[in-house]
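In our numbering, the protein residues as written are 1 to 137.
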């Protein structure tokens with residue numbers, strides 16, 4: 001694919017990327033769509049009342065911009081330390097940080113732009129984490 005300036009519209013976003021139960025990711029800037037070799041960027045939606053499984057993003061640094069809604073990231077050894085972000089906030093998740101996410105609202109979705117330092121959107125499920133929440137069983 002020849003590299004050129006590309007515009008990726010909503011209808012071109014690709015769901016054939018790593019997913020986490022409870023959160024839907026759509027790739028936009030990636031090798032398949034743009035020829036990107038080092039950057040992955042996309043859109044994610046956490047449905048009203050949505051919760052993810054326990055996971056991490058391997059070697060990838062993750063940056064998130066919250067477009068709408070309020071989301072929580074549960075982190076720490078016992079997954080009991082919460083970080084809350086709302087529309088307009090940026091979030092940084094270092095490589096390998098185990099976490100799970102929760103939509104703070106039962107009525108409004110959370111919409112986010114996600115960027116990764118690796119071209120692939122790495123998602124590693126952490127099955128059997130001793131402190132995983134009941135919903136992740």
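The C-beta atom is built at its ideal place from N, Cα and C for all residues, glycine as well.
- One thing to note: residue 56 has its Cβ within 8 Å of the Cβ of residue 99.
- Scanning its chain for C-beta atoms nearer than 7 Å, with the 5 sequence neighbours on each side dropped, one finds around residue 36 the residues 29, 30 and 119, in chain order.
- Per DSSP, the beta bridge partners of residue 111 are 45 and 68.
- Considering only 90, 85, 42 and 93, the residue with the shortest C-alpha distance to residue 15 is 42.
- Beyond the five residues adjoining it in sequence on each side, residue 89 comes within less than 6 Å, by CB distance, of 66 in the same chain, given in chain order.
- For residue 57, the secondary structure class from DSSP, reduced to helix, strand or coil, is coil.
- In the structure shown, residue 14 adopts extended strand secondary structure according to DSSP, grouped into three states.
- Beta-bridge pairing by DSSP links residue 129 to no other residue.
- The bridge partners DSSP lists for residue 51 are 102.
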